[in-house]
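Heads up, the thing below is written out as structure tokens.
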Amino acid sequence: MLQTQTNIISNFSTEALPPIYFYIAQEHWPKNFSPDNTDPQWIDRHWQLFNPGIFACTLQTYVRLKADGFPCQLTGSMPTEGIVVAYHKSVFWTKWKPDSKVMLVCIVADRSRRHPWAHFHVVLNPQELLSQDGYSIHNSYYIPHWAPQPGLIPRDSTRGDRFENVTFFGREQNLAPELKHPSWAEQLQALGLRWQIAGEESWNDYSTVDAVVAVRSFDNQDHTVRPALKLYNAWHAGVPAILGRESAFQAERRNELDYLEATSPTQLLAMLQQLRDDVELRRAMVDNGRLRARETQHYILLNTWRCFLMGTVVPAYKRWREAPSFVQQSFQIKGRFTDSLERVTRRMPKLKFIQASTKVLTKV
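Per our numbering, the sequence shown starts with residue -17, numbered consecutively.
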């Protein structure tokens, strides 16, 4: 696979490449950041900037590719020519309109909505490659989220076989309601375990963590727009994980040691008790996670991004520029129609509410 990617990249090395930009509006740039700052260690030093979102997806990709010698630029204003890679919200915020000289690559994260004028979408969950009816969504490409989370501090090896601290990493709003109730912490305390919800200031610190729990809900939602980052972090941190039924996790699962899947609070409690009592299971999960973590090392994701941009997007851009004007106009018209349709669809619930309220007021 890597050889194939290398061949694709070398094929274009002697040809004139179109400019490749990573776009983040200037006002959203980190304070004192310069596009010339392409030291990957800067990402780890400023890890709090790279919680899932615009910087984790766009800025991190730019810095790592640029440091690896990839020909790209960071821009604070929307270019008028070339290939533009941008976080989906960044483009929506700018109210950008299509241009025959621009090819837009939109990174979709934590949001199912596609940009109507994007030529390509990069998704972080393979399930997003499929539409609701199970058919492939045109021009969507899956590239895993960068892992681990920048600045990650793995579990302290001196903890050995201790099993005391069970931690959720993330915003509390993304935790199942049952696990926010005081009774949950009390049940764990009865097992000799300490329940912790890590604050944002310590999302990178797994040094004292003995197990990770990440369950958004115990219903049948598969949370298609979410990446598998929590699983990747657990593998890299050397900590066994109990996770919910999310499609991103399930897509990564190859055996029972990758993680445990809980479908109810009762089952989750039983799994924690199992991990507490079975040292060999914990060791096996950690050893397995160490092997799986190799699959998301930076050099692998760098090659994936290089292959996608050079092997797919660059040739498509050249075809786009050479396409007849009616083809380009057709794409733009289709985008405008899609955008208008989505606007109406999003307004429908609000219109229905106003309509219902008007009827009530009329009766009064």
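All C-beta atoms, glycine included, are put in the ideal place defined by N, C-alpha and C.
The model shown is predicted, which means the values in this text are computed figures rather than measured ones.
Length of the line joining the Cα atoms of residue i and residue j
| i | j | result |
| --- | --- | --- |
| A275 | S307 | 47 Å |
| D160 | W166 | Sequence inspection shows Glu at residue 160; the Asp mentioned does not correspond to that position. Near 7 Å, if we compare the C-alpha coordinates of W166 and E160. |
| V67 | V73 | 10 Å |
| A(-2) | C88 | 23 Å |
| T20 | C39 | 15 Å |
| Y69 | H103 | 10 Å |
| A91 | Y124 | 11 Å |
| P0 | S199 | 45 Å |
| S82 | N121 | 18 Å |
| V295 | A305 | 15 Å |
| F151 | I179 | 6 Å |
| L86 | A100 | 5 Å |
| Y423 | L291 | A query on residue 423 cannot be resolved here, the shown segment of the chain reaching from -17 to 346 and no further. |
| R265 | P222 | 9 Å |
| P181 | V197 | The sequence as given places Gly at residue 181; Pro does not occur at that position. About 17 Å. |
| D26 | T43 | 13 Å |
| L134 | Q310 | 45 Å |
| T62 | G271 | 45 Å |
| H280 | P132 | 11 Å |
| E146 | L112 | 40 Å |
| M253 | H163 | 19 Å |
Nonlocal neighbours in the same chain, by C-beta distance under 6 Å from residue i, ignoring five residues either side
| i | result |
| --- | --- |
| Q109 | T206, S229 |
| I2 | C54, I65 |
| P12 | L31 |
| G226 | V197, R198 |
| Y96 | Here the sequence assigns Arg to residue 96, which means Tyr is not the residue at that position. For R96, where only same-chain residues beyond five positions count, the Cβ hits under 6 Å are H103. |
| V268 | G220 |
Candidates the options: closest to residue i by CA position
| i | options | result |
| --- | --- | --- |
| W217 | N107, V309, D240, N202 | D240 |
| G35 | G58, V309, K71 | K71 |
| Q249 | Y281, A233, N14, I224 | I224 |
| L175 | W78, N237, T149 | T149 |
| Q203 | Q171, G220, A158, E238 | A158 |
| Q23 | D50, V84, D192, T245 | D50 |
CB contact check: residue i to chain B, cutoff 9 Å
| i | result |
| --- | --- |
| L291 | Absent from the structure is chain B; it holds one protein chain and no more. |
Close-in-space but distant-in-sequence residues of the same chain around residue i (CB under 8 Å, 5 per side omitted)
| i | result |
| --- | --- |
| P126 | L106, P209, A210, Y214, T278, L283, T286 |
| L173 | L251, L254, Q255, R258 |
Sequence-distant residues of the same chain with beta carbon closer than 7 Å to residue i, five excluded per side
| i | result |
| --- | --- |
| F52 | R288 |
| F231 | A210, L213, L225, Y241 |
(message) I want to know whether the segment 30 to 37 touches the segment 179 to 186 - three or more CB-CB distances under 8 Å.
(response) These segments touch.
(request) Would you mind listing the beta strand (DSSP E) stretches within the segment 37 to 106 that are 3+ residues and don't spill past its ends, in chain order? (result) Complete beta strand (DSSP E) runs here, min 3: 55 to 57, 64 to 69, 84 to 90, 102 to 105.
(request) Just list the alpha helix (DSSP H) runs in the segment 154 to 196, keeping only unbroken ones of 4 residues or longer that don't cross its boundaries, in chain order. (result) Within the segment 154 to 196, the complete alpha helix (DSSP H) runs of at least 4 residues are 164 to 172.
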